[in-house]
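Below: one structure, written as structure tokens.
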Amino acid sequence: MAFQSLTDDDSSIKQSRGYRAGTKFLQQASSFGVFASTLALLVFYSANYYFDDPWMSKNFGGGSSWLIYFTSRVCDAFTLFFYAGSMFFLETYHSEGAGEAWGWLGAICFNLAAFSEIAALTAWGTSSFEVLDAVYTVMLGVSISIAFLWSLFFEPASHRFDVHLTQSAMRNEYYKSRNAMAYYGPAVVNADGEIDIAAAAEQAQACLGCC
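For the sequence shown, this note's numbering gives the first residue as 62, with consecutive numbering after it.
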């Protein structure tokens, strides 16, 4: 969530809409992840401290405890889907990035982990559950490892040209677009990055004279 907050800040206006969509995917993934982890913690806490083994063996698979557990796993699957989208959009639509292959690889692994978790839930109570749940566990570990390695390359690149605390990305882009007209006349921004009122007025008069 901290990385999402840093990514979707004032500097993201310089990136494409695809990149900003990736920040929204990351926000949803973080939210669903916190919700899923909270529900799972409630289930395991109640199972360890309030219910004995015979009761759990008889009632798990039905009732409120099962409903909370099932909901937490479904939310976790949605979390993985959103992580897949965030990693793909953040990487492939960034102007630099760590390499588009990282985005595809992360999206595939997170999607496979999500599908395997859904498949395991649908196979609850059968002999296939343990196999599918093991596949989910392996794919989850692979996905997290790939995301960690990718972040080592992507995060420095994504924050290389961030604005400072005393700057505004929109203000900087506005001045940059105005200063692009310097080819046709004096620059409207001086060496200190401040507006040169006199130069801007002269440029405006020159532009009016050309019309």
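Where a beta carbon is used, it is the ideal one built from N, C-alpha and C, also for glycine.
Task: Euclidean distance between Cα positions of M200 and A101 - done: Taking C-alpha positions only, M200 is separated from A101 by approximately 19 Å.
- [ ] Could you spell out the range, first to last residue, of the alpha helix (DSSP H) harbouring G164?
- [x] Note, G164: alpha helix (DSSP H), E161 to T183.
Open item on the list: Going by DSSP, what residue range makes up the alpha helix (DSSP H) through S219?
Closed with: Where S219 is concerned, the enclosing alpha helix (DSSP H) starts and stops at S189 to S219.
- [ ] Take I179 as the anchor and find which of W165, R78, Y80 and C136 has the nearest alpha-carbon.
- [x] Closest by C-alpha distance to I179, out of W165, R78, Y80 and C136, is C136.
TODO: Check E157 in the structure and name its three-state DSSP category.
DONE: The answer is coil: DSSP assigns E157 none of H, G, I, E or B.
TODO: Look up S77 in the DSSP assignment and say whether it is helix, strand or coil.
DONE: Residue state, collapsed to three classes: coil.
Open item on the list: In this structure, how does DSSP classify G146 when only helix, strand and coil are distinguished?
Closed with: G146: helix per DSSP, three-state reduction.
Open item on the list: For H202, count the other beta carbons within 10 Å of its own beta carbon; 16 or more makes it buried, fewer makes it exposed. Which is it?
Closed with: According to the sequence as given, residue 202 is Gly; it is not His. By the 16-neighbour rule on beta-carbons within 10 angstroms, G202 is exposed.
Open item on the list: Residues in the same chain with beta-carbon distance under 6 Å from A138, minus the five sequence neighbours each way, listed in chain order, please.
Closed with: Within the same chain, A175, E178 and I179 come within 6 Å of A138 by CB-CB distance, once the 5 residues on both sides are set aside.
Task: Contact set for T140: own chain, Cβ-Cβ below 7 Å, skip 5 residues either direction - done: Cβ neighbours of T140 beyond the five flanking positions: A90, F93, G94 and A97.
- [ ] Assign E157 to buried or exposed, taking buried as 16 or more other Cβ atoms, counted over all protein chains shown, within 10 Å of its Cβ.
- [x] Result: exposed.
Open item on the list: Comparing C-alpha positions only, which one of A162, L87 and A195 sits nearest to I207?
Closed with: Considering only alpha carbons, the answer is A162.
- [ ] Return the CA-CA distance between L213 and R134, expressed in angstroms with no decimal places.
- [x] The alpha-carbon of L213 is positioned some 29 Å away from that of R134.
- [ ] Look at the alpha carbon of Y197 and the alpha carbon of P217, and state the distance between them as a whole number of angstroms.
- [x] In this structure, the alpha-carbon of Y197 lies about 30 Å from that of P217.
Task: Sub-8 Å separation of S204 and F150 beta-carbons - done: If you check the CB distance, S204 and F150 do not come in under 8 Å.
TODO: Rank A159, W165 and L128 by C-alpha distance to the C-alpha of A145 and give the top, closest one.
DONE: For A145, the nearest C-alpha among the options comes from W165.
Open item on the list: On the criterion of 16 or more Cβ atoms from any shown chain inside 10 Å, does F215 qualify as buried, or is it exposed?
Closed with: Here F215 is buried, its C-beta having at least 16 other C-beta atoms within 10 Å.
- [ ] If I'm right that I129 touches L103 with Cβ under 8 Å, what's the distance once you round it to whole angstroms?
- [x] Sure, about 6 Å apart at Cβ, within 8 Å.
Open item on the list: Measuring only the C-alpha atoms, how far is L210 from G160?
Closed with: Those two C-alpha atoms are separated by around 12 Å.
TODO: Return helix, strand or coil for G94, following the three-state DSSP convention.
DONE: DSSP, reduced to helix, strand and coil, places G94 within a helical segment of the structure shown.
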